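Colleague:
Protein chains in written order, with the working numbering: chain A, 1 to 550; chain B, 1001 to 1242.
(1) Relative to the C-alpha of residue 464 (chain A), which candidate in A:200, A:154, A:524 and A:492 has its C-alpha closest?
(2) If I'm right that residue 436 (chain A) touches residue 457 (chain A) with Cβ under 8 angstroms, what's the distance once you round it to whole angstroms?
(3) List the residues of chain A whose Cβ lies closer than 8 angstroms to the Cβ of residue 1025 (chain B), in chain order.
(4) According to the Cβ coordinates, are residue 1104 (chain B) and residue 1133 (chain B) closer than 9 angstroms?
(5) Considering only the beta carbon of each residue, do residue 496 (chain A) and residue 471 (chain A) sit closer than 9 angstroms?
(6) Check residue 1177 (chain B) in the structure and name its three-state DSSP category.
(7) What does residue 1119 (chain B) touch in chain A if you count any residue whose Cβ is under 8 angstroms from its own?
(8) Measure the Cβ-Cβ separation of residue 202 (chain A) and residue 324 (chain A) and say whether it is below 9 angstroms.
(9) Which chain B residues are close to residue 551 (chain A), counting only those with a beta carbon under 7 angstroms from its beta carbon?
(10) Report the three-state DSSP secondary structure of residue 1129 (chain B) (helix, strand or coil).
(11) Which residue comes first and which comes last in the beta strand (DSSP E) that contains residue 300 (chain A)?
(12) From A:194, A:46 and A:114, pick the residue whose C-alpha is nearest to that of residue 280 (chain A); which is it?
(13) Does residue 401 (chain A) have its Cβ less than 9 angstroms from a Cβ in chain C?
(14) Under 9 angstroms between C-beta atoms, does residue 1043 (chain B) make it to chain A?
(15) Identify every residue that forms a DSSP beta bridge with residue 548 (chain A).
(16) DSSP state of residue 1020 (chain B), grouped into three classes?
(17) Indicate the three-state DSSP secondary structure (helix, strand or coil) for residue 112 (chain A) in the structure shown.
(18) Note down the Cα distance separating residue 300 (chain A) from residue 183 (chain A), rounded to an integer number of angstroms.
(19) Buried or exposed: which applies to residue 484 (chain A), given that a residue is buried once 16 or more other Cβ atoms fall within 10 Å of its Cβ?
(20) Restricting to Cα atoms, I'd like to know which of A:32, A:321 and A:9 is closest to residue 108 (chain A).
(21) Just confirm the distance between the C-beta atoms of residue 122 (chain A) and residue 166 (chain A), as a whole number of angstroms; I'd bet it's less than 8 angstroms.
(22) Using the Cα positions of residue 1161 (chain B) and residue 546 (chain A), report the straight-line distance between them to the nearest angstrom.
(23) Taking Cβ positions, are residue 1022 (chain B) and residue 1187 (chain B) nearer each other than 9 angstroms?
(24) Would you kindly report the start and end of the unbroken beta strand (DSSP E) that includes residue 1205 (chain B)?
(25) Using the three-state DSSP reduction, which class does residue 449 (chain A) fall into: helix, strand or coil?
(26) Return helix, strand or coil for residue 1013 (chain B), following the three-state DSSP convention.
(27) Per the DSSP calculation, residue 1154 (chain B) is bridged to which residue(s)?
(28) By Cβ distance, which residues of its chain are closer than 6 angstroms to residue 1017 (chain B), with the 5 residues on each side in sequence left out?
(29) Let me know if residue 177 (chain A) comes out buried or exposed under the rule of 16 or more other beta-carbons within 10 Å of its beta-carbon.
(30) Hey, could you find the ends of the alpha helix (DSSP H) residue 351 (chain A) is sitting in?
(31) If you draw a straight line from the alpha carbon of residue 1028 (chain B) to that of residue 1180 (chain B), how long is it in whole angstroms?
(32) For the alpha helix (DSSP H) containing residue 155 (chain A), name the first residue and the last one.
(33) Nearest to residue 33 (chain A) by alpha carbon, out of A:503, A:128 and A:400?
(34) Cα separation between residue 411 (chain A) and residue 278 (chain A)?
(35) At least one CB of chain B closer than 9 angstroms to the CB of residue 184 (chain A): is that the case?
(36) Check residue 1105 (chain B) in the structure and name its three-state DSSP category.
Pasting the structure below:
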């Protein structure tokens, strides 16, 4: 097979893997998908934009002639990070380098793997870009009256930038897979990283969503020129300005305030960035991605003696149940991915509390009456829904054989699930309390308000946690987060959690109005969530305990 | 039933207490399903089975108390050490205290894992994981032990160790062993009765030497191939190169 054949074969295999959910009709369905995306980009979006933007009238024109480049930079940053990080996060969720042995034993070079996997990813990630790119181009096209040639130029720039970003994401992903793939902890580290990198996208996305004005101002500073997304945004702005029908005064205004680099400098920077990424990736291929590069030392993790807390639980709950409970705590907390998920929950809930206090709704909620109400509700919603996914989903049983081991013991399932639930309830205490305390401190809530927020968030998190465990027990997904069972469980858990949380909020509101007692209302409000969660958890245990038909 | 595939059909079988029974058969013949039904993990769609005097349909927990199961593939907790995992299995079987720890130490010592007993299981090779599973199966001294492919991941020395452990336990404690295996040599050495399961029925049963003699074979592997029809046409072996 020629060298071209090798990367081509890898690209084809990558494409087949990425479109495996489309099964045998993948080519027809993929073409239909491309058609749908084209319809979205060429017909639906322009229509929606022209309808929406025409309603803003003069206010929109004022915005366009003064600050659109800033908004463009602000939007391009999260979009760029999204295209860079999300495929990386997805790939890290399933670190497997087994197939690399087959490739390298067939004489394939690392650069073939890089190029092949990149080209194989392009058709799918490209569709994502095709959905996002018009969102960036059309506001300009509409506002500045950009000519068709200008629009084509803008789309070309975006495609070039997206392709280089996908390449960068692929290089980083391959390097990380090579680095951690051989380790026995590789899968766990990969899953942890896949959660750990999400805030890189989430922070700018939240900033753009809730603090657009401040973000745009910040992106107008010199420092923002360091981001490659700024160069792309500015090139797009330049193209739009020069091929559009903006008045000369507005053009001068924009150049003076926003565009600190010349168009040529932006284009050169963007081209250099692209060329360096491709050349650097190929050059580094055989040295950076040193998969199987010879003997090396492996650090083997050991289990230490039980700490004082685990010893306490062992003594308190008796030798048998105590041991199963302590085992469950160790199994959960030693997995890096679980620590990353909990940290992600902390991060998101505190961020949401900040958004509620200082975001666009900051005015109405800023008063001392609503802040203690809205903070626990938002945090309960965020931490609750995440609790279902963090404690349910994967990890209840790592494999079917693990289930057999537990099931082969008398009353093993009941003991095991009870211990699992209790251990998760214990872990959920800091999970619910710490962000509530942080939010209480940041928002200057009173002690009693902070305490009732902690209690409410914990009870909602418990309810959702039980929902997650129950759903996973009803339909075990084991350790595969790419299985259809996992997807179904996640969706069902989130939907049930959301419905019960909303029901809780309504009950809480009624109780608050009728009784006039906020704390009592909050606690009462968590009852539906709590009850539904408990029922589903019991159902799941019964289902798991039931012997299947051979 | 798995789709259109029948997992076990007309199986009729009696295994004597204290014997070492080996169930042989091709992939998909229903060996694992048989073990799972007999150990109370799965329900049979029809028929009856009694294990250690208990009906598997009515007294699942009693069956589970009396038996131990070594599953086909290791289902260990990667983030626990061997000792922690065995403590966990012991706790599920309501065993604890000094006696449990003494047993864990002894079993890990016999299986050659004492120097790695505190390492997390994620760093174990598949053979070492299999040894931990063997220890977990024997921990509560079951009257009947189900072993599903007990030596498939073990090196020859470990295979011999497990075989000798089975022989010693059977002789000294009257423990009954029910083993599913593809390893005809292992079955020949460690089982006193062999049954060959083919297309859902037990086509041959008896002591290994008797089966070999009965079908006029050289050894158990040869006898197995003659019974299930797995003999290879050597002329076709290299036809794919043309």
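Even for Gly, the Cβ is constructed at its ideal location relative to N, Cα and C. Computed from a predicted structure; not experimentally measured.
Modeller: Put simply:
(1) Numbered from its first residue, the first chain carries residue 464 (chain A) at position 464. The option with the nearest alpha carbon to residue 464 (chain A) is A:492.
(2) The count along the first chain starts at 1 and reaches residue 436 (chain A) at position 436. The count along the first chain starts at 1 and reaches residue 457 (chain A) at position 457. Yes, they are in contact, since the Cβ atoms of residue 436 (chain A) and residue 457 (chain A) sit about 5 angstroms apart, within 8 angstroms.
(3) The residue given as residue 1025 (chain B) occupies position 25 in the second chain. Within 8 angstroms Cβ-Cβ: nothing; residue 1025 (chain B) doesn't reach chain A, min ~16 angstroms.
(4) Position 104 of the second chain, counted from the first residue, corresponds to residue 1104 (chain B). Position 133 of the second chain, counted from the first residue, corresponds to residue 1133 (chain B). Going by C-beta atoms, residue 1104 (chain B) is not nearer than 9 angstroms to residue 1133 (chain B).
(5) Here residue 496 (chain A) refers to the residue found at position 496 when the first chain is read from its first residue. Here residue 471 (chain A) refers to the residue found at position 471 when the first chain is read from its first residue. Cβ atoms of residue 496 (chain A) and residue 471 (chain A): closer than 9 angstroms.
(6) Sequence index remark: in the second chain, residue 1177 (chain B) carries index 177 (1-based). Strand, per DSSP.
(7) For this step, residue 1119 (chain B) is matched to residue 119 along the second chain. In chain order: 300, 301, 302 and 303.
(8) Residue numbering aside, residue 202 (chain A) sits at position 202 when the first chain is read from its first letter. Residue numbering aside, residue 324 (chain A) sits at position 324 when the first chain is read from its first letter. No, these two residues do not count as a Cβ contact at 9 angstroms.
(9) No answer is possible for residue 551 (chain A): it lies beyond the span of chain A, which begins at 1 and ends at 550.
(10) Here residue 1129 (chain B) refers to the residue found at position 129 when the second chain is read from its first residue. Helix.
(11) For the purposes of this step, residue 300 (chain A) is taken as residue 300 along the first chain, with counting starting at 1. That residue, residue 300 (chain A), is in no beta strand (DSSP E); it is neither H nor E in DSSP.
(12) Working through the first chain from its first residue, we reach residue 280 (chain A) at position 280. Of A:194, A:46 and A:114, the residue nearest in Cα terms is A:114.
(13) This model lacks chain C altogether; the protein chains it does include are A and B.
(14) In the second chain, counting from the first residue as 1, residue 1043 (chain B) sits at position 43. Cβ-Cβ to chain A under 9 angstroms: yes for residue 1043 (chain B).
(15) Here residue 548 (chain A) corresponds to residue number 548 of the first chain, with the count starting at 1. Partner(s): B:1042.
(16) Position 20 of the second chain holds residue 1020 (chain B). DSSP places residue 1020 (chain B) in strand when its eight states are reduced to three.
(17) Sequence index remark: in the first chain, residue 112 (chain A) carries index 112 (1-based). Reduced to three states, the DSSP call for residue 112 (chain A) is helix.
(18) Walking along the first chain from the start, residue 300 (chain A) turns up at place 300. Walking along the first chain from the start, residue 183 (chain A) turns up at place 183. Each residue's Cα considered, the two are about 10 angstroms apart.
(19) As a working mapping, residue 484 (chain A) is identified with position 484 in the first chain. Looking at its Cβ environment, which holds fewer than 16 other Cβ atoms inside 10 Å, residue 484 (chain A) is exposed.
(20) By 1-based counting over the first chain, the position of residue 108 (chain A) is 108. Comparing Cα-Cα distances from residue 108 (chain A) to each of A:32, A:321 and A:9, the minimum goes to A:9.
(21) Mapped onto the first chain, residue 122 (chain A) falls at position 122. Mapped onto the first chain, residue 166 (chain A) falls at position 166. Contact flag correct, Cβ pair sits at about 7 angstroms.
(22) The residue you call residue 1161 (chain B) lines up with position 161 of the second chain. The residue you call residue 546 (chain A) lines up with position 546 of the first chain. Approximately 36 angstroms, taken between the alpha carbons.
(23) Within the second chain, numbered from 1, the residue matching residue 1022 (chain B) stands at position 22. Within the second chain, numbered from 1, the residue matching residue 1187 (chain B) stands at position 187. It is a contact, given that the beta carbons lie within the stated cut-off.
(24) As a first step, residue 1205 (chain B) must be located in the second chain, where it is residue number 205. 1201-1206 is the extent of the beta strand (DSSP E) around residue 1205 (chain B).
(25) Within the first chain, the letter at position 449 stands for residue 449 (chain A). The answer is helix: DSSP assigns residue 449 (chain A) an H, G or I state.
(26) Sequence index remark: in the second chain, residue 1013 (chain B) carries index 13 (1-based). Here residue 1013 (chain B) sits in coil by DSSP.
(27) The count along the second chain starts at 1 and reaches residue 1154 (chain B) at position 154. Its beta-bridge partners do not exist; DSSP assigns none.
(28) Within the second chain, numbered from 1, the residue matching residue 1017 (chain B) stands at position 17. Here the set comprises 1176.
(29) Taking the first residue of the first chain as position 1, residue 177 (chain A) is located at position 177. Label assigned to residue 177 (chain A): buried.
(30) The residue given as residue 351 (chain A) occupies position 351 in the first chain. First-last of the alpha helix (DSSP H) with residue 351 (chain A): 336-358.
(31) Position 28 of the second chain holds residue 1028 (chain B). Position 180 of the second chain holds residue 1180 (chain B). Near 12 angstroms, if we compare the C-alpha coordinates of residue 1180 (chain B) and residue 1028 (chain B).
(32) Within the first chain, residue 155 (chain A) is the residue found at index 155, counting from 1. From DSSP, the alpha helix (DSSP H) with residue 155 (chain A) extends over 148-180.
(33) Within the first chain, residue 33 (chain A) is the residue found at index 33, counting from 1. The option with the nearest alpha carbon to residue 33 (chain A) is A:128.
(34) Position 411 of the first chain holds residue 411 (chain A). Position 278 of the first chain holds residue 278 (chain A). Using only the alpha carbons, I get a separation of about 58 angstroms.
(35) The residue given as residue 184 (chain A) occupies position 184 in the first chain. Closer than 9 angstroms: yes.
(36) Walking along the second chain from the start, residue 1105 (chain B) turns up at place 105. If DSSP states are grouped into helix, strand and coil, residue 1105 (chain B) belongs with the helices.
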